[in-house]
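Trainee:
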Amino acid sequence: MFVHIRNLAFKYPNSKDNTINDFNLTIDQGEIISILGESGSGKSTILRLIAGLEMPTNGNIMVGDHCMCSNSTFTQPEKRGVGMVFQDYALFPHMTVEDNIKFGLQKWSRKDKKNRVGEVLELVNLEDYRKRYPFELSGGQQQRIALARALAPKPKLLLFDEPFSNLDADLQIRIREELRRIIKSTGVTSIFVTHDQDDSQALADRIVVLREGEVAQVGTAQEILGTDCNFADRMPVKPRVLSRV
Amino acid sequence: MKWFRSLKTTMNLWTVFSVIFVLLVLLPNLSIIVQFFAEPNENWLHIREYMLQNYIQNTLILVFFVGILTLFIGTSLAWIISAYDFPMRRFFQWGMILPLAIPPYIGAYTYHGILNYTGVIQTSLRNQFDVTVNQQYFNIMNMPGAIFILTIFLFPYVYTITKAFLARQSTALVENARILGSSSWRIYFRVVLPISRAAIIAGVSLVILEVLNDYGVVSYYGIQTFTTAIFQTWFGMGDLQSAVKLSGTLMVIVLGILVVERIARGRRQFSFTTTKVKLLQPVKLEGRKKWYAFSFCMFIFSIGFIIPVIQLIYWATMTYEQLFSHDFWQLIWNSVSVAFTASTIIVIMAVVISNFARLNRGMLAKTFPKITILGYSIPGAVIAVGVVTLFTALDRQLFGFYEWLGLEPTLLISTSLFMLVFAYVIRYLAVGYNSIESGFDRIGTNFTEASRMLGMSVTKSFFKVDMKLIRGAIFGGFILAFIDIMKELPLTLILRPFNFDTLATKAYQYAVDEMIQQAAIPSIFIILVSGIAIYVFHHVLEKE
Ligand SMILES: Nc1ncnc2c1ncn2[C@@H]1O[C@H](COP(=O)(O)OP(=O)(O)O)[C@@H](O)[C@H]1O
Ligand SMILES: [Mg+2]
Numbered sequence: 010m011f012v013h014i015r016n017l018a019f020k021y022p023n024s025k026d027n028t029i030n031d032f033n034l035t036i037d038q039g040e041i042i043s044i045l046g047e048s049g050s051g052k053s054t055i056l057r058l059i060a061g062l063e064m065p066t067n068g069n070i071m072v073g074d075h076c077m078c079s080n081s082t083f084t085q086p087e088k089r090g091v092g093m094v095f096q097d098y099a100l101f102p103h104m105t106v107e108d109n110i111k112f113g114l115q116k117w118s119r120k121d122k123k124n125r126v127g128e129v130l131e132l133v134n135l136e137d138y139r140k141r142y143p144f145e146l147s148g149g150q151q152q153r154i155a156l157a158r159a160l161a162p163k164p165k166l167l168l169f170d171e172p173f174s175n176l177d178a179d180l181q182i183r184i185r186e187e188l189r190r191i192i193k194s195t196g197v198t199s200i201f202v203t204h205d206q207d208d209s210q211a212l213a214d215r216i217v218v219l220r221e222g223e224v225a226q227v228g229t230a231q232e233i234l235g236t237d238c239n240f241a242d243r244m245p246v247k248p249r250v251l252s253r254v
Numbered sequence: 124m125k126w127f128r129s130l131k132t133t134m135n136l137w138t139v140f141s142v143i144f145v146l147l148v149l150l151p152n153l154s155i156i157v158q159f160f161a162e163p164n165e166n167w168l169h170i171r172e173y174m175l176q177n178y179i180q181n182t183l184i185l186v187f188f189v190g191i192l193t194l195f196i197g198t199s200l201a202w203i204i205s206a207y208d209f210p211m212r213r214f215f216q217w218g219m220i221l222p223l224a225i226p227p228y229i230g231a232y233t234y235h236g237i238l239n240y241t242g243v244i245q246t247s248l249r250n251q252f253d254v255t256v257n258q259q260y261f262n263i264m265n266m267p268g269a270i271f272i273l274t275i276f277l278f279p280y281v282y283t284i285t286k287a288f289l290a291r292q293s294t295a296l297v298e299n300a301r302i303l304g305s306s307s308w309r310i311y312f313r314v315v316l317p318i319s320r321a322a323i324i325a326g327v328s329l330v331i332l333e334v335l336n337d338y339g340v341v342s343y344y345g346i347q348t349f350t351t352a353i354f355q356t357w358f359g360m361g362d363l364q365s366a367v368k369l370s371g372t373l374m375v376i377v378l379g380i381l382v383v384e385r386i387a388r389g390r391r392q393f394s395f396t397t398t399k400v401k402l403l404q405p406v407k408l409e410g411r412k413k414w415y416a417f418s419f420c421m422f423i424f425s426i427g428f429i430i431p432v433i434q435l436i437y438w439a440t441m442t443y444e445q446l447f448s449h450d451f452w453q454l455i456w457n458s459v460s461v462a463f464t465a466s467t468i469i470v471i472m473a474v475v476i477s478n479f480a481r482l483n484r485g486m487l488a489k490t491f492p493k494i495t496i497l498g499y500s501i502p503g504a505v506i507a508v509g510v511v512t513l514f515t516a517l518d519r520q521l522f523g524f525y526e527w528l529g530l531e532p533t534l535l536i537s538t539s540l541f542m543l544v545f546a547y548v549i550r551y552l553a554v555g556y557n558s559i560e561s562g563f564d565r566i567g568t569n570f571t572e573a574s575r576m577l578g579m580s581v582t583k584s585f586f587k588v589d590m591k592l593i594r595g596a597i598f599g600g601f602i603l604a605f606i607d608i609m610k611e612l613p614l615t616l617i618l619r620p621f622n623f624d625t626l627a628t629k630a631y632q633y634a635v636d637e638m639i640q641q642a643a644i645p646s647i648f649i650i651l652v653s654g655i656a657i658y659v660f661h662h663v664l665e666k667e
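Residue numbers (my numbering), protein chains in the order written: chain A, 10 to 254; chain B, 124 to 667.
#1: Let me have the residue list for ligand 1: C-beta closer than 6 Å to any non-hydrogen atom, ordered along the chain.
#2: Tell me which same chain residues have a C-beta within less than 8 Å of the C-beta of MET93 of chain A, skipping the five on either side of it?
#3: With a cut-off of 8 Å on the beta carbons, I'd call LEU114 of chain A and PRO86 of chain A a contact; round off their distance for me.
#4: Runs of 3 residues minimum, wholly inside the region 68-142 of chain A: which ones carry the beta strand (DSSP E) assignment?
#5: What is the residue span of the alpha helix (DSSP H) that VAL145 of chain B lies within?
#6: Quick one: which chain B residues come within Cβ less than 9 Å of PHE112 of chain A?
#7: How many whole angstroms separate the CB atoms of VAL148 of chain B and GLY498 of chain B, which I take to be in contact at a CB cut-off of 8 Å?
#8: Quick one: give me the first and last residue of the beta strand (DSSP E) that ALA18 of chain A is part of.
#9: So THR568 of chain B and LEU482 of chain B are supposed to be a Cβ contact under 8 Å. How far apart are they, rounded?
#10: Do the region 73-87 of chain A and the region 134-151 of chain A make contact, defined as three or more Cβ pairs closer than 8 Å?
#11: Considering only heavy atoms of ligand 3, does any lie closer than 7 Å to the CB of GLU409 of chain B?
#12: Residues in the region 482-493 of chain B with C-beta within 9 Å of chain A's C-beta atoms, listed in sequence order?
#13: For GLU171 of chain A, is the beta carbon positioned less than 7 Å from some heavy atom of ligand 2?
#14: So, under 8 Å CB-CB, ILE41 of chain A and SER174 of chain A are touching, yes? Tell me the CB distance rounded to an integer number of Å.
#15: Look at the alpha carbon of LYS247 of chain A and the alpha carbon of GLU47 of chain A, and state the distance between them as a whole number of angstroms.
#16: Please classify THR615 of chain B as buried or exposed, where buried requires at least 16 neighbouring CB atoms within 10 angstroms.
#17: For a test of the three-state rule: what should DSSP assign to ILE593 of chain B, helix, strand or coil?
#18: Taking Cβ positions only, does VAL202 of chain A come closer than 8 Å to chain B?
#19: Hey, does MET93 of chain A have any beta-carbon neighbour from chain B nearer than 8 Å?
#20: In chain A, what lies closer than 7 Å to LYS591 of chain B by C-beta?
#21: If I'm right that ILE233 of chain A touches ILE216 of chain A with Cβ under 8 Å, what's the distance once you round it to whole angstroms?
#22: Mind pulling the chain A residues with CB within less than 7 Å of PHE570 of chain B?
#23: Figure out for me which residue from B:TYR207, B:GLN180, B:ILE143 and B:ASN265 has the closest Cα to the Cα of PHE419 of chain B.
#24: Using beta carbons (cut-off 8 Å, strictly below), is PRO162 of chain A in contact with chain B?
#25: So, does the CB of THR396 of chain B fall closer than 8 Å to a CB anywhere in chain A?
#26: Would a check of beta-carbon distances place PRO22 of chain A closer than 8 Å to chain D?
#27: Let me see if you follow: with CB-CB separation under 8 Å, is PRO143 of chain A close to chain B or not?
#28: Please identify the residue among B:TYR343, B:LEU248 and B:ALA465 whose C-alpha is closest to the C-alpha of TYR551 of chain B.
#29: Are three or more beta carbon pairs between the region 212-230 of chain B and the region 275-285 of chain B nearer than 8 Å?
#30: Measuring only between beta-carbons, confirm whether GLU128 of chain A sits less than 8 Å from chain B.
#31: Let me check understanding here. Comparing Cα to Cα, which of B:ALA546, B:GLY599 and B:SER580 lies closest to SER561 of chain B?
#32: For THR198 of chain B and LEU329 of chain B, which I take to be in contact (beta-carbon distance under 8 Å), what is that distance rounded to the nearest angstrom?
#33: Which of helix, strand or coil does DSSP assign to ILE263 of chain B?
#34: Please identify the residue among B:VAL189, B:ALA627 and B:LEU183 whose C-alpha is closest to the C-alpha of ASN457 of chain B.
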């Protein structure tokens, strides 16, 4: 097992109940996991916990052989070697595409940096956009740059928060396929969060259904979306998938 | 173990420096509070018995009338200018802030100079019309005069805050009222005043705090208030201990006002809650009405800005040789260098504390911002007393150390510029802080988090990302603090080292010494710098 999350619990200081409750998950190396749940179920919070942007009240997280956090230790986010693509991409507006990507490569030599920028831009098919500023890119391009930036430092684990929520529907379908191709070609272990079953099905090797901060189901797309006929009752999301299978 | 983990991970330089800075802000105030409860001396008993009531009474009269008058002038201007279109409206939008460029003490002696026996009005009446007036009607150096001065130079606080609110938040309500055919007066009293309650209260509170802070106007006009009493007991009677008691009492009043403000505002915030703001469209006034609106604005603008400025320029033409004297340039250098130093420190402290507060959760992160802006509510004279008592105590502790160093064993820190700068920082930290905090609010924490996910520490993220993105806010905070410090009077009068003068103290000194014409050039300089800043800010803000 590459990623190991055990008994994770978390509570925002101003909320009454636990936002995340006894969350457990193991992930294989190179696997793509989707966390599927309705809005407010705690998906972003889980990603933030794994990233180290929040400190859990209980539980531990292992990535590779490294303990990211337990009740006695806590590794700062910048030391975790975990990458993240934010919902609104968070590309630095005052830097060019190239500088955005180089940002995560501070310890690399100048030449390696340059090569790596070329590599990841090729991967996302945007080699000609090096010198552009983020505001000069379309939404889809921004997203691919955000992906390139997150991939550049070769993270052990890559997190995506609702990667398609800011894209229009047809673009979403195209990019979904491409995203899976890119992730699989780099072999990076990834977790992405969504409220859309189609996304989960198209992208993920395994799906974790999250409800009110707890794991409701874990399994392949087939197991979760394909065979469970009661799913429509339990998931308030429109079960478009069922009609298509 | 868990709390230890928490402690360990949040304990970085940002936390450490935030704690130190906040303690620095707290210390002088604590120093007053501690000594407030010390055994009273005879003088204090005397003051309390015979004079305190008078101080309280005068202070409250000032606060009450200036509060009410600025409320009506500020809100009515805000309403007329945001809801109607009439000649010169675009200019008045920012022009109405300009009276703020004239510190009230400068306004006070300028108006006295205009109205007194040798002033332009009486001389013209005598020379042209052979009329000699009853001096009583032209005497401004009394309570109503002080109320007039403070009102006319402080109302822009209410005007700006209310106008910002009305322009963005009132659209739906006002448009509804218009459709229902309400008259403008009715809308003003029934809609505008109630919905902008929180904004108005915030503006009026600022005015009140400025009134409590004022020393120049009341002492020049000979009115006994808390600030003048603090000066008198301290410098007149040499009784610092009683000055501390007075300061403590004034602090209690200030805290009372802050509490009342909180309650009056209720849970309503006047911040802009919706991101989709619809701007209020001004209605074009026609015929006589448009000239009424214009005249009202022009009248206020004239007495709040044009008249005093023209008078000062006239005086300046009589004394312009000053400009070529070494002393005058020394004054500018003094003012600019202390203001520059203090504003730089303010900006650094504000950045550290606000960055800490936004990136952390928990008690400290919540309370630090509140403590940071505390100084702005506390009158300058009180801060001065706090700082002096703190530093003399410190000097006494260091007495042996000075001796050991072979220095003339004296009061080293408590007579230095260091103390003045320190006091400025405490008093105006809030000004820089608010600007920088709003800058941070605008960019959110996403960029910082993205930077950390790419391997940068909090500190590196700050320098490579956050600082670049809030440059404007940092610069804005610096300029605002700089201008406030240049204008500052009571703190500077008390804490300046021997023979150290700033533009503000010199202008005031000339006026007190009946050399009003001489005061003009330094005053104009202060007004010019503040005026330019107001212009630039308004035009930058408008674009955003
Ligand atoms: N900063 C925060 N402070 C307090 N509560 C929060 C915060 N962020 C999220 N929450 C609450 O935690 C719950 C889970 O939020 P989130 O993880 O953002 O859900 P999702 O990403 O699945 O939509 C929600 O009820 C939300 O209101
Ligand atoms: Mg979310």
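Just so you know, even glycine gets a beta-carbon here, dropped at the ideal spot from N, CA and C.
Mentor: Taking the definition as stated:
#1: Answer in sequence order: A:TYR21, A:ASN23, A:SER24, A:THR28, A:GLY46, A:SER48, A:GLY49, A:SER50, A:GLY51, A:LYS52, A:SER53 and A:THR54.
#2: Its chain contains LEU56, ALA60, ALA159, LEU167, LEU168, PHE169 and ASP170 as the residues whose beta carbon lies nearer than 8 Å to that of MET93 of chain A, once the 5 sequence neighbours on both sides are disregarded; these appear in chain order.
#3: That belief does not hold up - the Cβ atoms of LEU114 of chain A and PRO86 of chain A are roughly 17 Å apart, past 8 Å.
#4: Correct list: 75-78 and 91-94.
#5: In the DSSP assignment, VAL145 of chain B falls within the unbroken alpha helix (DSSP H) covering 136-159.
#6: Within 9 Å Cβ-Cβ: ALA573, SER574, LEU577, GLY578, MET579, LYS587 and VAL588.
#7: Yes, VAL148 of chain B and GLY498 of chain B are in contact; Cβ-Cβ is about 6 Å, under 8 Å.
#8: Run containing ALA18 of chain A: 12-19, per the beta strand (DSSP E) assignment.
#9: Going by Cβ atoms, the distance from THR568 of chain B to LEU482 of chain B rounds to 7 Å, so yes, they are a contact pair.
#10: In short, these stretches do not touch, since the Cβ pair count stays below three.
#11: Of the ligands this structure carries, namely ligand 1 and ligand 2, none is ligand 3.
#12: Those would be ARG484 and GLY485, in chain order.
#13: Checking the Cβ of GLU171 of chain A against ligand 2 gives yes.
#14: Not a contact, Cβ separation roughly 18 Å.
#15: At LYS247 of chain A the pLDDT is 42, less than 50, meaning the model places this residue with poor confidence and gives no usable figure here.
#16: With 16 or more other Cβ atoms within 10 Å, it is buried.
#17: If DSSP states are grouped into helix, strand and coil, ILE593 of chain B belongs with coil.
#18: Not an interface residue.
#19: By this cut-off, MET93 of chain A is an interface position.
#20: Near LYS591 of chain B (Cβ distances below 7 Å), the residues of chain A are HIS103.
#21: Right, their Cβ atoms sit about 5 Å apart.
#22: Listed along chain A are ALA99 and PHE101, each with a C-beta nearer than 7 Å to that of PHE570 of chain B.
#23: Measuring from the Cα of PHE419 of chain B, the nearest candidate turns out to be B:TYR207.
#24: Taking Cβ atoms only, chain B reaches closer than 8 Å to PRO162 of chain A, which makes this a yes.
#25: With a pLDDT of 46 at THR396 of chain B, under the threshold of 50, the predicted position of this residue should be treated as unreliable, though the coordinate-derived value follows. Under the Cβ distance rule, THR396 of chain B does not count among the residues neighbouring chain A, no pair being separated by less than 8 Å.
#26: This model lacks chain D altogether; the protein chains it does include are A and B.
#27: Not one chain B Cβ lies under 8 Å of PRO143 of chain A.
#28: Ranking B:TYR343, B:LEU248 and B:ALA465 by Cα distance to TYR551 of chain B puts B:ALA465 first.
#29: A contact is defined here as three or more CB-CB pairs under 8 Å, and the region 212-230 of chain B meets this definition with respect to the region 275-285 of chain B.
#30: Taking Cβ atoms only, chain B never reaches closer than 8 Å to GLU128 of chain A, which makes this a no.
#31: With distances taken between Cα atoms, SER561 of chain B lies closest to B:GLY599.
#32: The beta-carbon distance between THR198 of chain B and LEU329 of chain B, rounded to whole angstroms, is 14 Å. This is too long to meet the 8 Å contact definition.
#33: Coil at ILE263 of chain B, not helix or strand.
#34: The candidate whose alpha carbon is nearest that of ASN457 of chain B is B:ALA627.
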